[in-house]
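Asks:
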Amino acid sequence: MIGIFDSGVGGLTVVKEIFKYLPEYQIIYFGDTARLPYGTKGAGFVQKYSAKITNWLLDRKAKIIIIACHTASSWASVSLKNKFKKIPIFEMISAGAKDAAVLTKNGKIGIIGTPGTIKSRAFENKVLKINPDAKIYTAACSLFVPLVEMGFVEGDVTKKVIEEYLSPLKGKGIDTLVLACTHYPLLEKEIKNFMGVGVNIVNPAESLAKDLKNYFESNPKIEKQLKRGAAHQFYFSDEPYNLEKISQLCFGKIIKVKIKDPF
Ligand code: DGL
647 MIGIFDSGVG GLTVVKEIFK YLPEYQIIYF GDTARLPYGT KGAGFVQKYS
697 AKITNWLLDR KAKIIIIACH TASSWASVSL KNKFKKIPIF EMISAGAKDA
747 AVLTKNGKIG IIGTPGTIKS RAFENKVLKI NPDAKIYTAA CSLFVPLVEM
797 GFVEGDVTKK VIEEYLSPLK GKGIDTLVLA CTHYPLLEKE IKNFMGVGVN
847 IVNPAESLAK DLKNYFESNP KIEKQLKRGA AHQFYFSDEP YNLEKISQLC
897 FGKIIKVKIK DPF
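Here our numbering runs 646 ahead of the position in the sequence shown, where the first position is 1.
1) Since Q879 sits in a beta bridge, which residues does DSSP pair it with?
2) Would you kindly check if the distance between the Cβ of M841 and the Cβ of L825 is under 8 Å?
3) Using a 10 Å radius around the Cβ and a threshold of 16 neighbouring Cβ atoms, would you call K902 buried or exposed?
4) Should L916 and S696 be called a contact, given that it needs their Cβ atoms to be closer than 8 Å?
5) Restricting to Cα atoms, I'd like to know which of P908, I739, K835, Y811 is closest to F882.
6) What whole-angstrom Cβ distance do A785 and L749 have, given they're in contact under 8 Å?
7) Starting from T700, trace the alpha helix (DSSP H) in both directions and tell me its first and last residue.
8) Assuming E795 and N888 are in contact, meaning their beta carbons sit under 8 Å apart, how far apart are those beta carbons, in whole angstroms?
9) With which residues is Y783 paired in a DSSP beta bridge?
10) May I ask whether a heavy atom of the ligand DGL can be found less than 7 Å away from the beta carbon of T700?
11) Could you spell out the range, first to last residue, of the beta strand (DSSP E) harbouring I808?
12) Just to confirm, is the Cβ distance from G819 to N777 under 8 Å?
13) Can you find a heavy atom of the ligand DGL that lies under 7 Å from the Cβ of T717?
14) Mapping DSSP to helix, strand and coil, what is D652?
15) With 16 other CB atoms within 10 Å as the buried threshold, where does F790 fall?
16) Where does E852 fall in DSSP's three states?
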């Protein structure tokens, strides 16, 4: 199984891309709704629960781990990779940073995410490693997550909030914008409208799914360990709020979930 975890429902946007590019593999998903949000928590907290969740997924026979949460990818991917050396661990930063660094023509890249993701500078550093001349502009868009969770993925309120957070980036003349948070792809239509046609939007979930497909092709031993065709498993540590809406937006149907807090 492919083990995927997030702080809550947002990671379903990552599952959506994995289903698109790798539809045959069974996944097990854990959303830590009991401790959500991760975006405003400290690094230590995020590292601690990311390790607990990874252990739990491995106990349930996950053979590969995907950190769908950008905040957890930012704060915890290094510690997880050190702790679980034998398991392939994928995070949201590497693939998205690579795509952004390649796509930009004028070298001006915007990165938006939770306060934790932006504070960690993980994305920024990754892009600069690939393209040291890039100019990076970041913004923590704290209201985007609650907007999406309340179902406001379009409309006047959403447009206003997007304008408030993204105007400074637009003013810098960026030509590439990275949606470095699980929820933001659900705002992509309005974000695109606001930023205009000249700005490339990078959805790291899609970048990751493509990278994973390539990885499986070049690592058949690992690929062979994954289960195919069996039912997917979705676990949440507490009732996910507005799951119906998010699930409909991602999959066009409501998924069946189990509620279990193992911690
Ligand atoms: N999943 C988080 C992320 O991608 C957003 C929600 C939260 O703050 O927990 O950073």
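Beta carbons are placed, not taken as given, at the ideal position from N, Cα and C, and that holds for glycine.
Predicted model only: the values in this text are computed from it and were never measured.
Replies: Answer, in terms of the structure:
1) I674
2) no
3) exposed
4) In this structure the chain extends from 647 to 909, so residue 916 is not present and cannot be described.
5) P908
6) In fact, because the Cβ distance is near 19 Å, the residues do not count as touching under 8 Å.
7) 689-705
8) 6 Å
9) G756
10) no
11) Taken as a continuous stretch (DSSP letters only), I808 belongs to no beta strand (DSSP E), being part of the alpha helix (DSSP H) at 802-817.
12) no
13) yes
14) strand
15) buried
16) helix
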